[in-house]
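Asks: In short: position in the sequence shown from 1, add 29, done, that's my numbering.
A virtual CB, placed ideally from N, CA and C, is assigned to each residue, including glycine.
Before I ask anything, let me first share the structure, which is written out below as structure tokens.
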Amino acid sequence: MWSSTARATAATRPGTRSSAWPTSERRPSRSLRPTVAGLLLAFGLLHSPAAAQTSTSPRPTVEALRTDAPIRVDGVFDEAVWHQAPVATGFTAREPEDNRPAAQQTEFSVVYTETTLYFGIRAYDAEPEAIVARELQRDSDHGGNDDSLAIVLDTFHDQRNSVTFEVNPLGARTDSLVTDEGKDQNIEWNGVWTASARTTAEGWQAEVAIPFSTLRFDPAQSVWGLNVRRVVRRTNEESYWAPIGREIGMSAVTRMYAAHRVSLAGDLTGISGVKAGRRVDVKPFVLGSAAEEPRDPSSGTIDDIDGGVDLKWGLTRSLTLDLTYNTDFAQVEVDQQQVNLTRFSLFFPEKREFFLENAGIFEFGSPAPPGMQPPLMKAFFSRRIGLAGGEAVPIDVGARLTGRAGAWNLGLLTVGTEAVPAGNRSATAATQHSVFRLKRDLGERSSVGMVYTELDPRSGDGNRLYGVDLDYKPNRQSQFYLFGAASEDAGRSGDNGALGTGWAYTTRTVRANVDLTEAQGDFNPGSGFLLRRDFRRYNPRVRWEPRVNRGVVRSVTLEAELDYFERESLGRVESRKLLLAPVGMRTTGDDRFRLAFVNDVEQLFEPFEISPGIVIPAGLYEFDSIFLRGFSNQGRRLAWRGNINVGEFFGGDRRSYVLSSYVRLSRHLLTEFQWNYNDVTLPQGDFTATIYTVRLDAAFSPDLRLNTLAQYNEAAQLAGVNVRFNWIYKPGANLFVVYNHNWAASTFSARETARRELIVKFNYLWQP
């Protein structure tokens, strides 16, 4: 499809511009040391015995039963071993009221063979005809809107990291890898496992089979962490086998955040003498493609046949080596278009499989920002590899080593990309990307670590980054972090450091955070991501959400946040946002609404071209706006969400609307429409930026699907359709057929084909 970095206007450049201020006006860099000292004092107080939290509640325990008899995964518990295995029950609700027995009871058993771990779960329901089961597609964005069962395994029993396997009543599967109890959640990971589910007169039940070769674990570890979560969507009941009450903190955007708190999980015992095989997965692929660009008749039809291979080798039960040769990501869904009305970079998430598994080990520094906000900085960002200007750059060979050794977490990755000669785009030099990450567990939930990245263009000087970080969690309510990093670049010297620190505190009703971050003017994470340069940021925020349970209102929210940036080299304000949200509500039907008042201050040190021919002069601007956000219960057949932002904008006015809705036509078919509209009126001129997005997802079974994504970016004059057919003909092995069609479109009716492409890719999983 088109470049993933297409913007509302091609003239709006990513990243910040260099300062227009003369060098003589640069001030000596100020230090965060006083602030850090204050936070370290708070850190010491939190570490005191008075701040520590102890738990007297025993962990629930279930013993896995070994069997040599074969088990057929069909959602029917007709094997004798299911009637012999211990039964775990006694689920406790977290929502809508926590620390109470679940209204709908659940029980499960665990059995295993030499090669596979099995779960049999019965989800009783007083109204089986009312069970919500509409999603059939694997890893669907809407999978969390059904009734579901999730198995959370902490295989090293480190009370930090976990792997999640989730299934709904139709057998649709979702899985994820989670680092540091939710600091990073990799939902794009696809493990090799199977599941089957069916409804009964008593509710529904699921049978899950997880090969030990899919899991990383220490064979000497006799106890694993385990939790099982159940969601009853029509009543929004969320319950756990090992209780997770709201006293450990408010719910985040997704329910899975609570499930990731494996420090509160129960114990799974009895697993011994298992065989994960030789732990060698070989996945060769062959690909054929045909493309044409009608606007360039001389190009003709571009045909290509290619192949490559991925290899996964378990060096030990806890260390895995991944190798890739001639890597291809043609089957990955294109990026969703975004509107950018700021001076800073857009952020697009990683979707490529090779870079996703165990990606959390490479996370460094501050926790992920709340909601859909882009990160401020990342020491390592894998989208820097194999992509340039939104176009794919061929990857020669890559290697990754990840895993654990005792209390140490290790991550090492190196990938080489080919040179791309100048043609229709800028030339790209052959480059070697490398990153090394090491973390040491401290106590039950804390850690200290370091990171090193290197960007070597194989010609001339490269880029390097060094960093150290601390993540300290003295109790279940508090978290403190601290990191420092420095970069090395040819032609850059002096002010090349970055520093960040922060503290978070959560209770049943309150979440308070303060984050302080600084990046000097020459700090350049060449293998990472930096939202803006040369800044110092202060970001305190607080949220209060008491339960009221009056009428249709379950809870109300009040929020306040200050997001203050100053130009680090000048010590002058660059931007400031004050947000006050005195009205927020969550209903008993799980509909949510929020009204906020926002005051913005923007200091432009140089003119800003926000749209072609429309330039905002340098100067200080202050403007107010009103922001309204809402979304309905996403478990309904017809659901919606939307944002409305109306107010002043750089001496003019702006009206922004982001409205999306989806209709579940059947368990096989879902359609979604999104309208992103921005109408800006400025003294220098007026413009609109609109993006239309339509999705159509057809799932014929959990392993057979057809996805269509159509987008029209009016301001960038681009339109495109991405159609992907995927057949998982056996676990870990796929057939993909992909069709891309891109148009240059001054108006949608006047569109002209820029490129069309058909791709067929077949891969096979061989486990010798």
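#1: CB Asn809 to CB Leu738, shorter than 8 Å?
#2: Tell me Pro130's beta-bridge partners as DSSP assigns them.
#3: Using C-beta distances below 7 Å, list every residue in its chain close to Leu69, excluding the 5 sequence neighbours before and after it, in chain order.
#4: Considering only C-alpha positions, which residue in the set Leu416, Ala408 and Gly445 is nearest to Asp425?
#5: Bridge partners for Asp339 per DSSP, in chain order?
#6: According to DSSP, simplified to helix, strand and coil, what is His112?
#7: Buried or exposed: Asn438, going by 16 or more other Cβ atoms within 10 Å of its Cβ?
#8: In this structure, does DSSP put Phe383 in helix, strand or coil?
#9: Classify Asp209 as helix, strand or coil using the three-state DSSP reduction.
#10: So, is Ile788 buried or exposed, given that buried needs 16 or more other C-beta atoms within 10 angstroms?
#11: Let me know if Asn578 comes out buried or exposed under the rule of 16 or more other beta-carbons within 10 Å of its beta-carbon.
#12: What are the partner residues of Leu441, as DSSP defines its beta bridges?
#13: For Ser347, tell me which candidate among Tyr758, Arg562 and Asp187 has the shortest Cα-Cα distance.
#14: Out of Gln508, Asn492 and Gly491, point me to the one whose CA is closest to Leu499's CA.
#15: DSSP three-state label for Leu293, please.
#16: Between the Cα of Glu597 and the Cα atoms of Pro569, Val627, Leu624 and Thr546, which residue gives the shortest distance?
#17: Check the DSSP bridge columns for Ile239 and list the partner residues they point to.
#18: Going by DSSP, which residues form a beta bridge with Asp187?
#19: Rounding to the nearest angstrom, what Cα-Cα distance links Asp544 and Trp772 in this structure?
#20: Taking the alpha carbon of Arg537 as the point to measure from, which residue in Glu156, Gly531, Gln506 and Phe564 has its own alpha carbon closest?
#21: What residues match up with Lys304 in a beta bridge as DSSP calls it?
#22: Does the stretch 369-384 come into contact with the stretch 550-570, if we say contact requires no fewer than three beta-carbon pairs (one atom in each stretch) closer than 8 Å?
#23: For Thr118 and Asp204, I'd like the C-alpha separation in whole angstroms.
#24: What does the alpha-carbon distance come out to for the pair Arg474 and Val767?
#25: Pull up the distance between the alpha-carbon of Leu74 and that of Val291, whole angstroms please.
#26: On the premise that Arg693 lies in contact with Arg163, defined as a C-beta separation below 8 Å, what is that separation, rounded to the nearest angstrom?
#27: Leu340 and Arg696 - do their beta-carbons sit closer together than 8 Å?
#28: Pull the bridge partners of Ile23 from the DSSP assignment, please.
#29: For Lys790, which residues does DSSP report across the bridge?
#30: Kindly indicate which residue of Arg615, Leu608, Arg572 and Gln663 has the alpha-carbon position closest to the one of Gly580.
#31: Compute the Euclidean distance between the alpha carbons of Ile100 and Ser191, then round it to the nearest angstrom.
#32: So Gln234 and Arg167 are supposed to be a Cβ contact under 8 Å. How far apart are they, rounded?
#33: Could you check the C-alpha separation between Pro867 and Gln713 for me, to the nearest Å?
#34: Would you check if there are 3 or more beta carbon pairs closer than 8 Å linking the stretch 600-610 to the stretch 325-336?
#35: Is it buried or exposed for Val141, if we count other Cβ within 10 angstroms and need 16 for buried?
#36: Who are the near neighbours of Pro398 in its chain, counting only those whose CB is closer than 8 Å to its CB and skipping five residues on each side?
Replies: The answer reads as follows:
#1: Because the chain spans 30 through 797 in this model, residue 809 falls outside it and cannot be assessed.
#2: The residue given as residue 130 occupies position 101 in the sequence shown. Answer is Thr121, bridged to Pro130.
#3: Translated into positions along the sequence shown, residue 69 becomes position 40. With a pLDDT of 42 at Leu69, under the threshold of 50, the modelled position of that residue is not reliable, and no figure is offered here.
#4: On the sequence shown, position 396 is the one that residue 425 refers to. Checking every option, the nearest Cα to that of Asp425 belongs to Gly445.
#5: Residue mapping note: residue 339 aligns to position 310 of the sequence shown, counting from 1. Per the DSSP secondary-structure output, Asp339 pairs in a beta bridge with Lys312 and Thr353.
#6: The residue given as residue 112 occupies position 83 in the sequence shown. Three-state result, His112: helix.
#7: Along the sequence shown, one-based indexing puts residue 438 at 409. Counting the other CB atoms within 10 Å of its CB gives Asn438 a total of 16 or more, which places it among the buried residues.
#8: Counted from its first residue, the sequence shown places residue 383 at position 354. Helix, per DSSP.
#9: Position 180 of the sequence shown, counting from 1, holds the residue named residue 209. Of the three classes helix, strand and coil, the one that applies to Asp209 here is helix, per DSSP.
#10: Mapped onto the sequence shown, residue 788 falls at position 759. Classification of Ile788: buried, given that the 10 Å Cβ count is 16 or more.
#11: Within the sequence shown, the letter at position 549 stands for residue 578. Counting every other CB atom within 10 Å of its CB across the protein chains shown gives Asn578 a total below 16, marking it as exposed.
#12: Within the sequence shown, residue 441 is the residue found at index 412, counting from 1. Leu441 is bridged to Leu430 and Phe465.
#13: The count along the sequence shown starts at 1 and reaches residue 347 at position 318. Nearest of Tyr758, Arg562 and Asp187 to Ser347, Cα basis: Asp187.
#14: Translated into positions along the sequence shown, residue 499 becomes position 470. A check of alpha carbon separations from Leu499 across Gln508, Asn492 and Gly491 identifies Gln508 as the nearest.
#15: Counting from one through the sequence shown, the residue named residue 293 turns up at place 264. DSSP places Leu293 in helix when its eight states are reduced to three.
#16: Mapped onto the sequence shown, residue 597 falls at position 568. Of Pro569, Val627, Leu624 and Thr546, the residue nearest in Cα terms is Thr546.
#17: Counting from one through the sequence shown, the residue named residue 239 turns up at place 210. Paired residue(s): Leu146.
#18: Sequence index remark: in the sequence shown, residue 187 carries index 158 (1-based). Beta-bridge partners of Asp187 (DSSP): none assigned.
#19: As a working mapping, residue 544 is identified with position 515 in the sequence shown. As a working mapping, residue 772 is identified with position 743 in the sequence shown. Between Asp544 and Trp772, the C-alpha separation is close to 43 Å.
#20: By one-based count along the sequence shown, residue 537 stands at place 508. Ranking the options by Cα distance to Arg537, first place goes to Gln506.
#21: Here residue 304 refers to the residue found at position 275 of the sequence shown. Paired residues: none, contrary to the question.
#22: By the Cβ rule, the stretch 369-384 counts as touching the stretch 550-570, because three or more pairs are nearer than 8 Å.
#23: Locating residue 118 in the sequence shown gives position 89, counting from the first residue. Locating residue 204 in the sequence shown gives position 175, counting from the first residue. Between Thr118 and Asp204, the C-alpha separation is close to 23 Å.
#24: Numbered from its first residue, the sequence shown carries residue 474 at position 445. Numbered from its first residue, the sequence shown carries residue 767 at position 738. Rounded to whole angstroms, the gap between the alpha carbons of Arg474 and Val767 is 44 Å.
#25: Stepping through the sequence shown from its first residue, residue 74 is reached at position 45. Stepping through the sequence shown from its first residue, residue 291 is reached at position 262. With a pLDDT of 41 at Leu74, under the threshold of 50, the modelled position of that residue is not reliable, and the figure given next carries that caveat. Approximately 25 Å, taken between the alpha carbons.
#26: Locating residue 163 in the sequence shown gives position 134, where the first residue counts as 1. Locating residue 693 in the sequence shown gives position 664, where the first residue counts as 1. The Cβ separation is near 5 Å, so the contact holds.
#27: Mapped onto the sequence shown, residue 696 falls at position 667. Mapped onto the sequence shown, residue 340 falls at position 311. No, Cβ-Cβ distance for Arg696 and Leu340 is not below 8 Å.
#28: As displayed, the chain neither begins before 30 nor continues past 797, which places residue 23 out of reach and without an answer.
#29: As a first step, residue 790 must be located in the sequence shown, where it is residue number 761. Beta-bridge partners of Lys790 (DSSP): Leu316 and Phe765.
#30: Here residue 580 refers to the residue found at position 551 of the sequence shown. Selected option, being the one with the closest Cα: Arg615.
#31: Locating residue 100 in the sequence shown gives position 71, counting from the first residue. Locating residue 191 in the sequence shown gives position 162, counting from the first residue. Straight-line measurement puts the Cα of Ser191 at about 25 Å from the Cα of Ile100.
#32: Counting from 1 along the sequence shown, the entry for residue 234 is found at position 205. Counting from 1 along the sequence shown, the entry for residue 167 is found at position 138. Under the criterion of beta carbons closer than 8 Å, Gln234 and Arg167 do not qualify as touching, at roughly 20 Å.
#33: The structure shown does not extend to residue 867, since the chain is modelled only from 30 through 797, so no value can be given for it.
#34: Using a C-beta cut-off of 8 Å, the stretch 600-610 makes no contact with the stretch 325-336, since fewer than three inter-stretch Cβ pairs fall below that distance.
#35: In the sequence shown, residue 141 corresponds to position 112, counting from 1. What sits at residue 141 in the sequence shown is Tyr, not Val. Label assigned to Tyr141: buried.
#36: The residue given as residue 398 occupies position 369 in the sequence shown. Listed in chain order, the non-local C-beta contacts of Pro398 below 8 Å within the same chain comprise Pro404 and Leu405, local neighbours out to five positions each way being set aside.
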